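Numbering (the numbering used here), first residue to last: -8 to 335.
We treat Cβ as the ideally placed atom computed from N, Cα and C, and that holds for glycine.
Note that the coordinates shown come from a computational prediction; the quantities given were computed from them, not determined experimentally.
In what follows, a single structure is set out as structure tokens and then discussed.
Dropping the structure here:
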């Protein structure tokens, strides 16, 4: 797939507009940086955050049954049911923060049938076990990329200008660890965390299994990111990757959640490095590999709350700060309009 993504460029008068508000220059800290970034994304002195959505992509991983997670694979479809019933953390945070939540079945190992509130984009009933073979074929990976991009392009046509990204998939922190190791060069042990809550024995087993996956794939350090995605990724990670790229192509504000979403972004950034100009890094996850990802992307997250839930919860919690950045730019008086004296 081809994506046309250009770096954002300065907007004449935007920094002066920010500096001219009734406050000492720079005193709103990261909110000022956010206002500048969003104005540059939209090439506007008065950016808008119309029709915000939060997309949760769900998929299963063949390696989950090998013991890379503390939870059984069935929890993926059970949590999708929880999303549809409105009972998960992301439902609560999205509901209270005015984000429209959409749940996408990218490849869950369960037949949901036709369900209100669930977008059926299923590629297959989970990926294959990457301990034994590539998680997905090139054709499956490309189909997932196409469906993820198409979904975001349709939202853009409907007027959506900001999207938060989340995921659900038992075993997907392991997949994210493998992608992070390959795409950042970080030692595998530093990319592997406890995921859904592994004890010390479980963590040691997870590290050993992932080392076997690395040895099985035997990818060279300079292997294409899309090859690594097919070897280790999940259908939800592949759809996230293309959804991010399509969002940047349409000049959307992209709210980046935690470890798994950022693993998809690592792949996307290899395809189109300028994508990071469109990304708001919402929080730093408690997963150790997330720090390696943020360093590789030279990213500065808004929040550090020791979160490791996924689902897009970090994006939903950071959303009020994004709204505040645009609101002060739009509504706050300037020194001139308020008749307040500026710096001498």
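Who are the Cβ neighbours of residue i in its own chain at under 6 Å, not counting the five residues just before and after it?
i	result
residue 332	none
residue 79	73
residue 131	114
residue 353	Because the chain is modelled from -8 through 335, residue 353 falls outside the range shown and cannot be assessed.
Taking the Cβ atom as the reference point for each residue, do residue i and residue j lie within a distance shorter than 8 Å?
i	j	result
residue 267	residue 236	no
residue 81	residue 59	no
residue 246	residue 306	yes
residue 227	residue 20	no
residue 22	residue 326	no
residue 183	residue 301	no
residue 94	residue 75	yes
residue 354	residue 251	A query on residue 354 cannot be resolved here, the shown segment of the chain reaching from -8 to 335 and no further.
residue 32	residue -1	yes
residue 244	residue 9	no
residue 126	residue 53	yes
residue 262	residue 234	no
residue 316	residue 297	no
residue 229	residue 139	yes
residue 88	residue 311	yes
residue 294	residue 273	yes
residue 156	residue 90	no
residue 25	residue 2	no
residue 240	residue -6	yes
residue 136	residue -8	yes
residue 6	residue 40	no
residue 208	residue 222	yes
Evaluate residue i with the Cβ neighbour count: other Cβ atoms within 10 Å of its Cβ, from every protein chain shown; 16 or more gives buried, anything less gives exposed.
i	result
residue 159	buried
residue 38	buried
residue 254	buried
residue 153	buried
residue 123	exposed
residue 77	exposed
residue 83	exposed
residue 70	buried
residue 168	buried
residue 86	exposed
residue 106	exposed
residue 238	buried
residue 213	exposed
residue 321	exposed
residue 102	exposed
residue 199	exposed
Which residues in the same chain have their Cβ closer than 7 Å to the Cβ of residue i, if we skip the five residues on either side of it in sequence?
i	result
residue 219	170, 173, 174 and 210
residue 189	61 and 197
residue 56	64
residue 303	45, 47, 81, 155, 156, 157 and 248
residue 16	10
residue 180	198
At a cut-off of 7 Å, is residue i close to the ligand HEM when judged by its beta-carbon and the heavy atoms of the ligand?
i	result
residue 176	Among the ligands in the structure shown, none appear at all, so the ligand HEM cannot be discussed.
Beta-carbon within less than 8 Å of residue i's beta-carbon, same chain only, minus the 5 sequence neighbours each way: which residues are those?
i	result
residue 257	170, 171, 174, 175, 216, 284, 287 and 288
residue 13	323, 324, 325, 326, 329 and 331
residue 146	42, 44 and 154
residue 282	275
With a floor of 4 residues, list each alpha helix (DSSP H) that falls wholly inside the stretch 273 to 316, ordered by position along the chain.
279 to 288
Just to confirm the assignment: which complete beta strand (DSSP E) runs, minimum length 3, are found wholly within the stretch 15 to 51?
44 to 50
Where in the stretch 80 to 140 do unbroken runs of the alpha helix (DSSP H), each at least 4 residues long, occur, reported from the N-terminal end onward?
80 to 87
Can you confirm whether the stretch 101 to 116 touches the stretch 190 to 203 when touching is taken to mean that 3 or more C-beta pairs between the two stretches lie within less than 8 Å?
no
Taking only runs that begin and end inside the stretch 172 to 198, name each unbroken alpha helix (DSSP H) of 4 or more residues, in chain order.
179 to 182
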